[in-house]
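K.L.:
Sharing a structure with you now.
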Amino acid sequence: MIGQDLIVLNSFEAAYDLLHKRGAIYSDRPGMSLTRDHGGWKFMLGTEPYGESFHIKRRLTNQSLNPSASKKYYDIMTDHINTFVLHLLRHPSNFRTYNRTYTGANIMMMSYGHQVVDENDEWIRNAEEAATTVDTLGVHPIDVWPFLGKLPLWLWGPNLVRRIERMKKATYQVSTVPYEIVKQQFFEGVAVPSMARNLIEENLQADGSVMYEESINGALAGAYLAGADTSVSVLDTFVIAMILHPEIQHEAQKTIDDLLQSERLPTFEDRGKLPLVDAILKEVLRWKPVLPGGIPHRSIEDDEYKGMYIRKGSTVIFNVLGMMYNVKDFPEPSKFDPHRFLTSADGGKDYSLRTDIQDPETITFGFGRRICPGRHVALSWMWITIATLLAVFKISPELDDDGKPILPNLDYEQALVSHPKQFGSRLKPRPGMALLLGDY
């Protein structure tokens with residue numbers, strides 16, 4: 320880019336060497352002046368410059384979302400996936416709507432203790448509005464060259480001015496309103512268990528103030544905005560993959576039936592006992608990366624790597640799509656093939672996960688000090704959703720007016736978070752499942 324060095328890391332090795340091993344140098348973010356300074360997105364951990372405020376938000380987020388703490392949310396996830404499938408029983412063609420609603424509802428309950436009743440929930444609508452205002456995060460000239468932010472915004476035209484006003488309003492609704500509601504509930508003694516209540520309680524001062532309040536606020540809002548949109552995309556891609564590859568769907572359902580005997584739904588205790596389900600999730604993450612270009616880092620001092628000079632202030636991008644389609648790690652990368660992650664001692668169907676292959680999870684969630692702190696919760700939600708959908712439903716394409724299947728194409732939106740474009744599906748209950756769900 321003009322006047323600014325741009326470094327693109329196309330291999331896992333390079334990304335790990337720089338962003339992880341040299342994290343003290345490469346954990347900053349580019350200025351993103353338009354998004355942060357004008358649009359009000361300073362609250363987000365993901366856009367926070369590397370420094371004291373970043374470390375505080377990171378610590379607060381890790382308190383609530385580390386592997387041990389994440390297990391506290393298993394009951395919430397189970398409740399939401401059960402509600403999700405019950406709605407799909409009644410409306411088998413509404414997967415995309417319910418995916419967005421209940422993935423968001425799950426995170427809202429964990430973050431704020433807020434119970435989402437339906438897809439018209441105001442908190443969900445506000446959060447989705449906020450997410451759409453930053454779908455091109457970091458690519459506007461003001462974000463690329465922060466000095467341009469000193470110019471009056473009206474010079475860029477009325478569309479940008481309106482977008483910034485929309486962004487500010489959405490930012491307030493998602494970053495301030497939910498927290499203030501929970502804070503009031505806390506002091507009234509009626510706040511239900513949630514990340515918000517726990518963080519308020521843990522940081523409450525003798526005078527009634529809350530230490531690190533701005534950082535807590537940002538950590539909570541960031542948990543939803545970073546987690547919901549990406550998880551929705553992954554689960555949409557899963558359904559597309561199952562429609563296009565019914566043989567994989569059937570094989571996975573057989574492994575689930577063998578374990579559960581059609582007597583119950585999957586639980587988190589089954590994780591590790593269903594390696595094909597684990598492999599399907601890994602392949603979904605690899606096949607259609609949710610953040611194909613990653614989120615840019617920035618170097619804070621001069622450096623050298625394998626004879627190449629990297630100047631202070633360089634923007635560093637890790638090419639997620641390139642890593643996921645590296646033919647050395649993933650032969651035939653365009654092919655959806657969960658079996659690439661599996662091995663069998665006897666050459667049969669008694670699978671276990673391979674340990675000698677690159678794991679897409681180590682790429683999907685970023686690197687070093689910027690790795691997604693909510694990855695444990697996100698993976699848990701994706702896993703229980705995939706396992707439950709496979710156990711309960713036959714996933715099929717939608718039909719046209721003549722009853723012929725309409726197979727989804729593989730067109731994806733070009734934005735920060737990559738979503739499949741319009742596709743339809745039908746999720747019909749497998750034999751005995753409607754009766755079984757009556758117990759839930």
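So for the sequence shown, my numbering puts the first residue at 320; every next one is plus one. Every residue gets a Cβ at the ideal spot worked out from N, C-alpha and C, and that includes glycine. Note that the structure is predicted; figures quoted are calculated from it, not measured.
So, using beta-carbon positions, are Tyr-417 and Phe-403 closer together than 7 angstroms?
P.N.:
Yes; because the gap between Cβ atoms is below 7 angstroms, this pair is in contact.
K.L.:
First and last residue of the alpha helix (DSSP H) that includes Met-363?
P.N.:
Note, Met-363: premise wrong, no alpha helix (DSSP H); not H, not E.
K.L.:
So what does DSSP say about Leu-755, is it helix, strand or coil?
P.N.:
It is helical.
K.L.:
With H, G and I counted as helix, E and B as strand and the rest as coil, what does DSSP make of Phe-684?
P.N.:
Phe-684: coil per DSSP, three-state reduction.
K.L.:
Can you say whether Leu-407 is buried or exposed, counting buried as having 16 or more other CB atoms within 10 angstroms of its CB?
P.N.:
Buried, since its Cβ has 16 or more Cβ neighbours within 10 Å.
K.L.:
By DSSP's criteria, Glu-623 is part of a beta bridge. Which residues make up the other side?
P.N.:
Glu-623 is bridged to Tyr-628.
K.L.:
Which residue marks the beginning of the beta strand (DSSP E) containing Ile-714, and which one marks its end?
P.N.:
First-last of the beta strand (DSSP E) with Ile-714: 712–718.
K.L.:
By the three-class DSSP mapping on this structure, what secondary structure does Pro-594 have?
P.N.:
Here Pro-594 sits in helix by DSSP.
K.L.:
Between the Cα of Ser-389 and those of Leu-364, Asp-721, Met-514, Asp-398, spot the shortest distance and give me the residue it belongs to.
P.N.:
Nearest option by C-alpha distance: Met-514.
K.L.:
Looking at the strands, I want to know which residues DSSP matches up with Leu-328.
P.N.:
Leu-328 pairs with Phe-637.
K.L.:
Please work out which residues of its chain come closer than 7 angstroms, Cβ to Cβ, to Asp-450, disregarding the five sequence neighbours upstream and downstream, and give them in chain order.
P.N.:
The amino acid at residue 450 is misidentified as Asp; the sequence shows Ala. Same-chain partners within the cutoff: Leu-544, Asp-548.
K.L.:
By a C-beta neighbour count over all protein chains shown, 10 Å radius and 16 as the cutoff for buried, is Thr-422 buried or exposed?
P.N.:
Buried, because 16 or more other Cβ atoms sit within 10 Å of the Cβ of Thr-422.
K.L.:
Is the beta carbon of Ser-633 sitting closer than 7 angstroms to the one on Ile-344?
P.N.:
No.
K.L.:
For Gly-307, which residues from the same chain have a beta carbon less than 8 angstroms from its beta carbon, with the 5 sequence-adjacent residues on both sides left out?
P.N.:
Examination of residue 307 is not possible in this model, given that the chain is present from 320 through 759 alone.
K.L.:
From Ile-375 to Thr-495, what distance separates their C-alpha atoms?
P.N.:
The straight-line gap from Cα to Cα measures roughly 18 angstroms.
K.L.:
Determine the burial state of Ala-598: buried for a count of at least 16 other Cβ atoms within 10 Å of its Cβ, exposed for fewer.
P.N.:
With 16 or more other Cβ atoms within 10 Å, it is buried.
K.L.:
Thinking just about the alpha-carbon of each residue, which of Glu-602, Gly-350, Phe-686 is nearest to the one in Glu-651?
P.N.:
Answer by Cα proximity: Glu-602.
K.L.:
So, helix, strand or coil for Val-529, using DSSP?
P.N.:
If DSSP states are grouped into helix, strand and coil, Val-529 belongs with the strands.
K.L.:
List the endpoints of the continuous alpha helix (DSSP H) containing Ser-494.
P.N.:
477–494 is the extent of the alpha helix (DSSP H) around Ser-494.
K.L.:
To the nearest angstrom, how far is it from the Cα of Gly-359 to the Cα of Met-486?
P.N.:
Whole-angstrom Cα-Cα distance: 7 angstroms.
K.L.:
Quick one: is Pro-512 buried, meaning 16 or more other Cβ sit within 10 Å of its Cβ, or exposed?
P.N.:
Per the 10 Å Cβ criterion, exposed.
K.L.:
Identify whether Ser-346 lies in helix, strand or coil by the three-state DSSP scheme.
P.N.:
Ser-346 falls in the coil class under three-state DSSP.
K.L.:
Ordered along the chain, which non-local residues of its own chain (more than five positions away) have a Cβ less than 7 angstroms from that of Ser-430?
P.N.:
Around Ser-430: Ser-513, Met-514, Ala-515, Leu-539, Ala-542, Tyr-543.
K.L.:
Counting pairs of Cβ atoms below 8 angstroms between the stretch 602–617 and the stretch 629–645, do you hit three or more?
P.N.:
Flag = yes, the stretch 602–617 and the stretch 629–645 touch.
K.L.:
Give the DSSP bridge partners of Tyr-731, in chain order.
P.N.:
Tyr-731 pairs with Pro-739.
K.L.:
Of all the options Thr-681, Glu-732, Leu-709, Val-711, which has the alpha carbon lying nearest to the alpha carbon of Leu-698?
P.N.:
The option with the nearest alpha carbon to Leu-698 is Thr-681.
K.L.:
Answer with buried or exposed for Glu-588, where buried requires no fewer than 16 other C-beta atoms within 10 angstroms of its C-beta.
P.N.:
Burial call: exposed.
K.L.:
Starting from the Cα of Asn-425, find the closest Cα among Arg-415, Met-627, Asn-401 and give me that residue.
P.N.:
Taking only the C-alpha atoms, the option nearest Asn-425 is Asn-401.
K.L.:
Please confirm whether any heavy atom of the ligand FAD lies closer than 6 angstroms to the CB of Leu-408.
P.N.:
Only the bare structure without any ligand can be found here, which leaves the ligand FAD out of the picture.
K.L.:
Check whether the Cβ atoms of Gly-546 and Gly-365 sit closer than 7 angstroms, and answer yes or no.
P.N.:
The answer is no: Cβ separation not under 7 angstroms.
K.L.:
Taking DSSP as the reference, what is the three-state secondary structure of Ser-699?
P.N.:
In this structure, Ser-699 counts as helix in the three-state DSSP scheme.
K.L.:
Check each candidate in Leu-756, Lys-747, Leu-754 and name the one with the smallest Cα separation from His-410.
P.N.:
Here the closest residue by C-alpha is Lys-747.
K.L.:
Given a threshold of 16 other Cβ atoms within 10 Å of its Cβ, counted over all protein chains shown, does Leu-754 qualify as buried or as exposed?
P.N.:
That one is exposed.
K.L.:
Between the C-alpha atoms of Thr-380 and Lys-668, what's the straight-line distance to the nearest angstrom?
P.N.:
Taking the straight line from one Cα to the other gives about 40 angstroms.
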